[in-house]
Amino acid sequence: MLRYEIKDLTPPKEILHAMQAQITAEREKRALIAASEGRKQEQINIATGEREASIARSEGEKQAAINRAQGQAAAIVALADATAAALREVGAAIQSPGGSDAVNLKVAEQYVNAFAQLAKTNNSIIIPANLGEMSGLIAAAMQVVKTQK
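Per the numbering used here, the sequence shown starts with residue 315, numbered consecutively.
What follows is the structure in structure tokens.
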């Protein structure tokens, strides 16, 4: 015999049904695995996105804090420079002719303004018995200014 020929083979219905059930089960298994892999990748992508967003948010907050601190530092330096320049101007004005008289006038004005503020806020006020002491107070203040020179 050199040749075999198989003609129409029809397996029993039970075997056909079992083979079809096996093929269906295999397809469902592959579909479940594919869906599971898809969900897994989705969760990984979401977690990665949240992590990157959190990092970007914290970096932005860090940079904002640095910018605020630098702005405050620059404001402090500018205020200190302006105060130093103002004090130099005041010192130069005191040294000029009539500067001491201007300081005396300014201290006297502040003395009177301080008493006026006390009178507004309190019902009773204590004033020096001798208002001529105001000139003594001014003289003491000027003495402090002169000793600082």
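Even glycine gets a Cβ: it sits at the ideal position worked out from N, Cα and C.
For residue i, the first and last residue of its enclosing alpha helix (DSSP H)
i	result
S322	In the sequence as presented, Ser is not what sits at residue 322; that position holds Asp. First-last for D322: undefined, no H or E at that position.
For residue i, the three-state DSSP class (helix, strand or coil)
i	result
L393	helix
L330	helix
G412	coil
Y425	helix
L316	coil
Neighbour flag for residue i against chain D, beta carbons, 7 Å
i	result
Q386	Looking for chain D here will not work: only one protein chain is present.
CA-to-CA distance, residue j to residue i, given in whole angstroms
i	j	result
V426	I390	32 Å
A428	N381	41 Å
I337	L323	20 Å
A379	A387	12 Å
Q357	Y318	57 Å
A406	A430	30 Å
Q334	R341	11 Å
G363	I369	10 Å
E328	L346	27 Å
Expected contact under 8 Å - CB spacing of residue i and residue j to nearest Å
i	j	result
I408	V417	6 Å
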